[in-house]
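Colleague:
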Amino acid sequence: MDPVSRKTITVDVNGERYERELDARRLLIHFIRDDLDLTGSHIGCDTGNCGACSVLVDGTLVKSCMMLAVQADGAKIETVEGLAADGELNGLQQAFSDHHALQCGYCTPGMLMSATALLRENKSPSEDEIRKGIQGNICRCTGYVNIVEAIRAAAQ
Amino acid sequence: MKARAASPDVLVDLADIAELRGIELGSDGTLELGAMTTYTDIIDSAEARARPILGEVCNQIADVQVRNRGTIGGNVCSNDPTNHLPPLLVAIGATMTIVGQAVERSVPADEFFLGVYMTAAGPGELLTKISVPPGKSDGFASVPIGKDGTCIVNVAASLTNRTARLAIGCVDAVPVLLTPDSTEDAAVRKAVHDANLDPPWDVHASAEYRRHLAEVLALRAVAQAAERR
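Chains as they are written, first to last, in our numbering: chain D, 204 to 359; chain L, 18 to 246.
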């Protein structure tokens, strides 16, 4: 099998099907932001440390700067844009707003996706479980207390 | 690649090779873990609870996203001296299966780790499987930089009827395997002393502090293992 440097992939992002030809070296986050123009997912560190680019791939929480887009061929991807239905914030997003769980907001999309993954697995997480669930997401404003409160409120 | 340590011309995606994933518990109690089994797979696996320390240590690696993507084979083949799994697998006596074009061979974990980022899996070879013998009397203790962060020193201990195996990580290029005469504190301290550790120093910890941690954590790991006899 000969190596290829370009490939056509098909993905489902937030319920919409996309087919694109792209460089095999393209990172998933660049595909999502630049090719699909879904700029809600952020690039913070681009080295897998900060979690701002977190998305769900086939239900699994990943940092999309640490994965090639071609590795997501055929996958179902969920990004922060998929959380609000019909322009209405979902319960988790509303809880972030109510509890002032964002300061500059840069980490928020990643925090929301990590919290989404956590709450799907664990309907009523303890504070420790919430903190472990968002361990891969750095808030440079250090506003963790309100983020934890918001997630706990959303769980109730 | 992200750390700019490597820029390969060609990448081979192994994701579709199902044989490289999964956890099987043999009738003799041996666990067979495919090299591409993720930390999350191990944490969630009922079979892997046959050797509880595996899931416990995997649950201390980095964060959810890393545990979802990172694999046991990737951890040991990268052989970063601050990784948790090299000392753990050395202490519990795991065996690595390495496949080349012509032959398949088995290498005990204590011969697998050769140097910083270097293992017995050579060019043209692939680590396919890690076999873990039955046992439960294991312990693990570490001091990382921040919770579940990069490790300063880690120690894994495993006890059988009369033997104790200790593997200390982060103090040398490869895990340092020690076999103290007994699980008594004095014997454990003596074994760590006699190893004449010459650990590296950095902004996080001096060599002296790492030597100190090696002793303290060895005692903690052995104590935890002894509780589980």
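Yeah, the Cβ is synthetic: ideal placement off N, Cα and C, and Gly gets one too.
A quick note: this is a predicted structure, and the numbers were derived from the prediction, not measured.
1. Since ARG209(D) is in the beta strand (DSSP E), which residue starts that stretch and which ends it?
2. Could you tell me which residues DSSP pairs with THR145(L) in its beta bridges?
3. Along the chain, where does the alpha helix (DSSP H) that runs through TYR56(L) open and close?
4. Mind listing the chain L neighbours of LEU264(D)? Cutoff is C-beta to C-beta under 9 Å, in chain order.
5. Determine the chain D residues that contact LYS207(L) at a beta-carbon separation under 8 Å, and present them in chain order.
6. Under a CB-based cut-off of 7 Å, is VAL27(L) close to chain D?
7. DSSP state of SER300(D), grouped into three classes?
8. What does DSSP give as the partner residues of GLY132(L) in its beta bridges?
9. Would you please verify whether the beta carbon of GLY285(D) is less than 7 Å from any beta carbon of chain L?
10. Is there a Cβ of chain L sitting closer than 7 Å to that of GLN338(D), yes or no?
11. Using C-beta distances below 7 Å, list every residue in its chain close to GLY166(L), excluding the 5 sequence neighbours before and after it, in chain order.
12. May I have the straight-line CA-CA distance separating SER95(L) from SER329(D), to the nearest angstrom?
13. Between PRO312(D) and chain L, is there a C-beta pair that is closer than 7 Å?
14. By the DSSP assignment, the alpha helix (DSSP H) with TYR226(L) in it spans what residues?
15. With a threshold of 7 Å on Cβ separation, who are the neighbours of GLY141(L) within its own chain once the five nearest residues in sequence on each side are excluded?
16. So ALA235(L) and ILE185(L) are supposed to be a Cβ contact under 8 Å. How far apart are they, rounded?
17. Please report whether the beta-carbon of PRO206(D) lies at a distance below 7 Å from any beta-carbon of chain L.
18. Can you tell me the Cα-Cα spacing of VAL170(L) and GLU219(D), whole angstroms?
19. Using alpha carbons as the reference points, say which of THR177(L), HIS221(L), VAL107(L), ALA208(L) lies closest to GLU244(L).
20. Rounding to the nearest angstrom, what Cα-Cα distance links ALA212(L) and VAL107(L) in this structure?
21. Check VAL172(L) in the structure and name its three-state DSSP category.
22. Would you call the region 126 to 138 of chain L in contact with the region 184 to 203 of chain L, where contact means no fewer than 3 C-beta pairs closer than 8 Å?
23. What's the gap between the Cα of ARG263(D) and the Cα of TYR347(D)?
24. Our contact map puts ILE89(L) next to ILE115(L) with C-beta atoms below 8 Å; I'd like the distance itself, whole angstroms only.
25. Who are the Cβ neighbours of LEU37(L) in its own chain at under 7 Å, not counting the five residues just before and after it?
26. Interface residues of chain L around GLY251(D) at Cβ under 7 Å?
27. Quick one: list the residues of chain D neighbouring ALA32(L), beta-carbon separation under 7 Å, in chain order.
28. Can you tell me where the alpha helix (DSSP H) holding LEU322(D) begins and where it ends?
29. Using alpha carbons as the reference points, say which of ASP261(D), THR282(D), LEU286(D), CYS307(D) lies closest to GLN274(D).
30. In terms of DSSP beta bridges, what is GLY277(D) paired with?
31. Please classify THR134(L) as buried or exposed, where buried requires at least 16 neighbouring CB atoms within 10 angstroms.
32. Exposed or buried, what is GLU232(L) when buried is set at 16 or more other beta-carbons lying within 10 Å of its beta-carbon?
33. Along the chain, where does the alpha helix (DSSP H) containing LEU106(L) start, and where does it finish?
34. Between the C-alpha atoms of VAL160(L) and ARG343(D), what's the straight-line distance to the nearest angstrom?
35. Out of GLY277(D), ASP205(D), LEU286(D), which has the shortest C-alpha to C-alpha gap to THR311(D)?
36. Determine the contact status of MET316(D) and SER257(D), defining contact as a CB-CB distance below 7 Å.
Modeller: Reading off the structure:
1. 209 to 216
2. DSSP output for THR145(L) lists no bridge partner at all.
3. 56 to 61
4. VAL81, GLN82, ASN85
5. Residues of chain D passing the Cβ test: none, with the nearest at roughly 37 Å.
6. yes
7. helix
8. MET135(L)
9. no
10. yes
11. none
12. 34 Å
13. no
14. 224 to 244
15. GLY117, GLN118
16. 7 Å
17. yes
18. 47 Å
19. THR177(L)
20. 16 Å
21. strand
22. yes
23. Reading off the sequence shown, one finds Thr at residue 263(D), where the question assumed Arg. For THR263(D) and TYR347(D), the distance between alpha carbons rounds to 23 Å.
24. The Cβ separation is near 14 Å, so there is no contact.
25. LEU31, GLY51, ALA52, MET53, THR145
26. LYS19
27. GLN274
28. 311 to 324
29. ASP261(D)
30. For GLY277(D), which the question treats as bridged, DSSP gives no partner whatsoever.
31. Note on identity: in this sequence residue 134(L) is Tyr, with Thr being the wrong assignment. Its Cβ having fewer than 16 others within 10 Å, TYR134(L) is exposed.
32. buried
33. 102 to 108
34. 24 Å
35. LEU286(D)
36. yes
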